[in-house]
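Take a look at the structure set out below.
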Amino acid sequence: MKRVLILGGTGEAVAFARAASAEFGPSVDLVTSLAGRTKAPTRPQGAVRVGGFDGVSGLADYLSTEEIDIVIDATHPFAAKMTANAVAACDLTHKPRLRLDRPAWTAVPGDDWHAVSTVAEAAVHLPEIGSRAFLTLGSSDLAAFKTVPGMPLWARMIEAPEPGDVPPQCTVIRARGPFAENDEVTLLRAHRIDVLVTKNSGGDAAAAKLSACRSLGIPVVMVARPPDPPGDRVPDVAAALNWLRPRLLLTISS
Ligand code: NAP
């Protein structure tokens, strides 16, 4: 049996655990790791551990102590620290590692996207692009918008942010996707939003806001992804299973 650590916190991690368990059954022992940010996360198939590893050395220790054979990094595209730690810890311990990373969104005709490299850069450019902004970002990203004086902001997120991070003119909307395009149009109209700020997370569950903006002619400030990690990388669960299959067979026959 192979022990597989899934670095999770995404729908892809949950889907991968479900699919790997269904296909490989007792040939895999799955452990999903969650950072512990979400109070009621979707529970994946297999075992779950919660909380940080304490950096690269902590993760390397965990991989050795727990006799992990393979690491699937299915964290969010913007969880760059965890991904970098996984690269370094797997290199140190010589564990095979796969990055499961959903494709980024790309602009299509009718989109009016303004590319920025960071959330802080989005906040700087926001007043040049709109006057009533909808932010679909993480709670830790909100503080950057304290530098946007007076502009009405609506921020949608799963967990409540720290009160000190919320700009005074910002209304927090607590909600968890997936969202339908009709509902996104209704929300954008209700608050007379004229600009959206989002990270290029990719995936279907959060894409409806982009088509809603396209249909309403609303510009989007799109925060680009961090650089890709080195090594094997796949865009979906099916490709991740294809990557894992021969590695499990190798062990079973050896
Ligand atoms: P991050 O900045 O890359 O990581 C910060 C620290 O959080 C890491 O150094 C690690 O602590 C801990 N950590 C992160 N992911 C972990 C995991 N799956 N298991 C155990 N520890 C983890 O991460 P983040 O952007 O704060 O994201 C945290 C979690 O939320 C991730 O699991 C990610 O998949 C999920 N998520 C993130 C976003 C986003 O926009 N960033 C969106 C949706 C979901 P130690 O150094 O102590 O090990």
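Counting in this note's numbering, the sequence shown runs from 1 upward without gaps.
Heads up, the beta-carbon is just placed ideally off N, CA and C, and yes, glycines get one too.
Source: prediction; values computed, not measured.
Would you mind sorting N85 into buried or exposed? The rule is 16 or more other CB atoms within 10 Å of its CB.
-> Counting from one through the sequence shown, the residue named residue 85 turns up at place 85. Around the Cβ of N85, a 10 Å sphere holds 16 or more other Cβ atoms; the residue is buried.
| message | So, at 7 angstroms on beta carbons, what are the nonlocal neighbours of P41 in its own chain, with the 5 sequence-adjacent residues on each side left out? | response | Mapped onto the sequence shown, residue 41 falls at position 41. Correct list, in chain order: L34.
Cβ separation of R156 and E67, assumed to be a contact under 8 angstroms, to the nearest whole Å:
Taking the sequence shown and counting its residues from 1, the one referred to as residue 156 is at position 156. Taking the sequence shown and counting its residues from 1, the one referred to as residue 67 is at position 67. About 41 angstroms separates the Cβ atoms of R156 and E67, ruling out a contact at the 8 angstroms cut-off.
inquiry  = Since M82 and T93 should fall inside the 8 angstroms C-beta cutoff, what is the C-beta to C-beta distance between them, to a whole number of angstroms?
reply    = Locating residue 82 in the sequence shown gives position 82, counting from the first residue. Locating residue 93 in the sequence shown gives position 93, counting from the first residue. Not quite, the Cβ-Cβ distance comes to about 16 angstroms (not below 8 angstroms), so this is no contact.
**Message:** What does the alpha-carbon distance come out to for the pair T65 and A206?
**Reply:** In the sequence shown, the residue the question calls residue 65 occupies position 65. In the sequence shown, the residue the question calls residue 206 occupies position 206. Rounded to whole angstroms, T65 and A206 show a C-alpha spacing of 37 angstroms.
**Q.** Separation of D228 from G130, as counted between CA atoms
**A.** If you number the sequence shown from 1, residue 130 lands on position 130. If you number the sequence shown from 1, residue 228 lands on position 228. Distance between the alpha carbons of G130 and D228 is about 31 angstroms.
Cut-off 6 angstroms between Cβ atoms - residues of its own chain near R99, not counting five sequence neighbours on either side
Translated into the one-based positions of the sequence shown, residue 99 becomes position 99. Hits under 6 angstroms: D73, P229 and R233.
Q) What separation, rounded to the nearest whole angstrom, lies between the Cα atoms of D165 and V197? A) Locating residue 165 in the sequence shown gives position 165, where the first residue counts as 1. Locating residue 197 in the sequence shown gives position 197, where the first residue counts as 1. If I take the Cα positions, the gap works out to 17 angstroms.
As assigned by DSSP and simplified to three states, the class of V234: Mapped onto the sequence shown, residue 234 falls at position 234. DSSP places V234 in strand when its eight states are reduced to three.
Check your understanding: If you measure from the CB of S215, is any heavy atom of the ligand NAP nearer than 7 angstroms?
Key -> In the sequence shown, the residue the question calls residue 215 occupies position 215. For S215, the shortest C-beta to heavy atom distance toward the ligand NAP is 7 angstroms or greater.
Practice task
Leaving aside the five residues before and after A89 along the sequence, list all residues of the same chain whose C-beta is less than 7 angstroms from its C-beta, in chain order.
Solution key: Position 89 of the sequence shown, counting from 1, holds the residue named residue 89. Result list for A89: V56, L59, A60 and L63, in chain order.
Given 7 angstroms as the limit, tell me if S33 has its C-beta closer than that to any heavy atom belonging to the ligand GDP.
Judged by which ligands are present, the ligand GDP is missing from the structure shown, whose ligands are the ligand NAP.
**Asked** Is N200 near the ligand NAP, going by C-beta to nearest heavy atom under 7 angstroms?
**Response** Here residue 200 is taken as the residue at index 200 of the sequence shown, counted from 1. Checking every heavy atom of the ligand NAP against the Cβ of N200, none is found closer than 7 angstroms.
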